[in-house]
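Notes follow once the structure below has been shown.
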Amino acid sequence: MALVDVLIPTYRRKTGLAVTLTSLLGQTFQDFNVTVSDQTDDADGYLDSIEIQTLTRALRWHGHQVRLLRRLPRRGLAEQRQFLLDQSAAPYVHYFDDDVLLDPPVMQRMLDVLRAERIGFVGCAATGLEYLDDVRPQQQRIECWEGPVRPEPFTPESIPWERHMVNNAANPLHLEQRLAPDGQTIRYKVAWVGGANLLFDREKLLSVGGFSWWRRLPREHAGEEAVVQFLLIRKYGGCGILPSGAYHLGLPTTIADRSHNATELFDELSREYGLDDRAWPAEEIGQSPLSL
10 MALVDVLIPT YRRKTGLAVT LTSLLGQTFQ DFNVTVSDQT DDADGYLDSI
60 EIQTLTRALR WHGHQVRLLR RLPRRGLAEQ RQFLLDQSAA PYVHYFDDDV
110 LLDPPVMQRM LDVLRAERIG FVGCAATGLE YLDDVRPQQQ RIECWEGPVR
160 PEPFTPESIP WERHMVNNAA NPLHLEQRLA PDGQTIRYKV AWVGGANLLF
210 DREKLLSVGG FSWWRRLPRE HAGEEAVVQF LLIRKYGGCG ILPSGAYHLG
260 LPTTIADRSH NATELFDELS REYGLDDRAW PAEEIGQSPL SL
């Protein structure tokens with residue numbers, strides 16, 4: 010068994026999946042296996058294409074187990090993520106979307122922080138390189154952890170939604186230039202990090218239900234990765250890190266209908282998993298931001 014199971018949901022993105030698999034091949038950390046779940050509804054999909062098969066063979070040559078699975082019919086992203094989680098056995102699971110490119114040290118850096126802090130998850134925001142010249146100081150109010158990362162048991166009413174702006178556009182790259190010019194790892198407070206590149210402690214993820222509640226959502230939904238992070242932050246703590254080293258490919262979204270958001274389940278799931286006694290009022294969340 011590898012230390013990390015890399016879990017990749019994919020849908021109609023053969024080129025993106027090829028880039029994602031190439032990123033894995035170049036990682037300095039190599040103790041991982043890979044499971045891909047394809048929900049492309051064409052008869053053949055693209056898992057048998059020469060591009061994907063060549064990268065699969067290369068990963069296997071380097072000692073990684075690779076499983077290419079088809080998961081139909083489509084029941085939404087939460088179901089697909091739960092299906093992938095059900096296939097895993099490693100202590101850590103790395104959800105890695107099919108539209109992201111990683112720098113070589115990213116997986117090792119994420120794992121080092123997760124193991125040192127003993128928290129629920131670590132995320133590296135996938136940044137848009139097309140925004141490199143779009144500097145947004147008004148969105149760069151970052152709250153850095155100066156001591157150990159701790160749980161932040163905010164309530165549905167006190168979720169610090171504004172924290173997501175730090176991860177927008179190329180903000181992580183601009184903040185990295187200011188805060189981590191020599192490459193040191195910066196841990197910062199989040200409400201959630203986009204689900205494109207997240208490393209979880211598997212047992213902690215399972216303790217808050219994973220994505221097992223997917224049946225409560227219509228097929229077309231968003232926010233499934235955010236509500237899981239809310240629960241883990243509340244129980245164990247979680248953080249984002251700089252340098253991010255993750256880049257969006259700029260491919261069109263496959264989730265056109267975002268009218269149903271899984272974050273609406275946060276209150277219900279908090280009660281279900283016994284987290285109500287950990288609530289913090291809004292005025293106690295994020296009192297010491299470092300604003301740049």
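Read in our numbering, the sequence shown has 174 at position 165, and its numbers run on one by one without any break.
C-beta atoms are modelled at their ideal positions from N, C-alpha and C, and glycine is treated no differently.
Note that this is a predicted model, so its numbers are computed, not measured.
Whole-angstrom distance between residue j and residue i, CA atom to CA atom
i: Ala255; j: Arg159; result: 24 Å
i: Glu152; j: Pro169; result: 11 Å
i: His71; j: Glu277; result: 44 Å
i: Arg196; j: Gln117; result: 15 Å
i: Ile59; j: Arg66; result: 10 Å
i: Leu56; j: Tyr282; result: 37 Å
i: Gln238; j: Phe163; result: 12 Å
i: Leu138; j: Glu212; result: 34 Å
i: Leu123; j: Tyr245; result: 11 Å
i: Pro190; j: His183; result: 10 Å
i: Met174; j: Gln62; result: 38 Å
i: Pro165; j: Val202; result: 17 Å
i: Leu284; j: Gly54; result: 41 Å
i: Val13; j: Met119; result: 11 Å
i: Asp51; j: Trp222; result: 27 Å
i: Ser279; j: Ile250; result: 25 Å
i: Leu224; j: Ile17; result: Strictly speaking, residue 224 in this sequence is Arg, with Leu absent from that position. Each residue's alpha carbon lies about 21 Å from the other.
i: Thr272; j: Arg172; result: 15 Å
i: Val115; j: Gln36; result: 7 Å
i: Pro82; j: Leu274; result: 24 Å
i: Glu161; j: Arg127; result: 14 Å
i: Gly295; j: Thr194; result: Here Gly295 scores only 48 on pLDDT, less than 50, and its place in the model is too uncertain to base an answer on.
i: Gln149; j: Ser167; result: 20 Å
i: Thr262; j: Thr31; result: 21 Å
i: Gln7; j: Thr29; result: No answer is possible for residue 7: it lies beyond the span of the chain, which begins at 10 and ends at 301.
i: Gln186; j: Val15; result: 29 Å
i: Ala210; j: Asp121; result: In the sequence on display, residue 210 carries Asp and not Ala. Approximately 12 Å, taken between the alpha carbons.
i: Gln147; j: Gln96; result: 42 Å
i: Leu64; j: Asp142; result: 33 Å
i: Arg243; j: Leu188; result: 27 Å
i: Trp154; j: Gly192; result: 17 Å
Test: residue i CB closer than 9 Å to a CB of chain B
i: His73; result: No chain B appears in the structure shown, which is made up of a single protein chain.
Residues bridged to residue i [DSSP beta-bridge criterion]
i: Cys248; result: Val131
i: Val109; result: His257
i: Val102; result: Asp14, Phe209
i: Val43; result: Val15, Val75
i: Thr7; result: Residue 7 cannot be examined here, being either before or after the span of the chain that is shown, 10 to 301.
Beta carbon of residue i nearer than 9 Å to that of residue j
i: Arg145; j: Asn176; result: no
i: Gly132; j: Asn206; result: yes
i: Gly219; j: Arg90; result: yes
i: Cys248; j: Val217; result: no
i: Leu94; j: Leu215; result: yes
i: Gly129; j: Leu241; result: yes
i: Phe92; j: Leu33; result: no
i: Ala7; j: Ser253; result: The structure shown has nothing for residue 7, since the chain only spans 10 to 301.
i: Gln74; j: Ala11; result: yes
i: Tyr140; j: Ala178; result: yes
i: Thr19; j: Asp47; result: yes
i: Leu208; j: Val45; result: no
i: Arg21; j: Thr49; result: yes
i: Glu229; j: His269; result: yes
Residue i beta carbon near the ligand SAH (any heavy atom closer than 8 Å)
i: Val43; result: Absent from the structure shown: the ligand SAH. Ligands present: none.
**Q.** Cβ pair count under 8 Å reaching 3, the stretch 61-81 against the stretch 99-119
**A.** no
Q. Hey, is the stretch 231-238 in contact with the stretch 83-96, meaning 3+ C-beta pairs nearer than 8 Å?
A. yes
Q. In chain order, which continuous runs of the beta strand (DSSP E) of length 3 or greater are located wholly inside the stretch 165-234?
A. 195-197, 206-210
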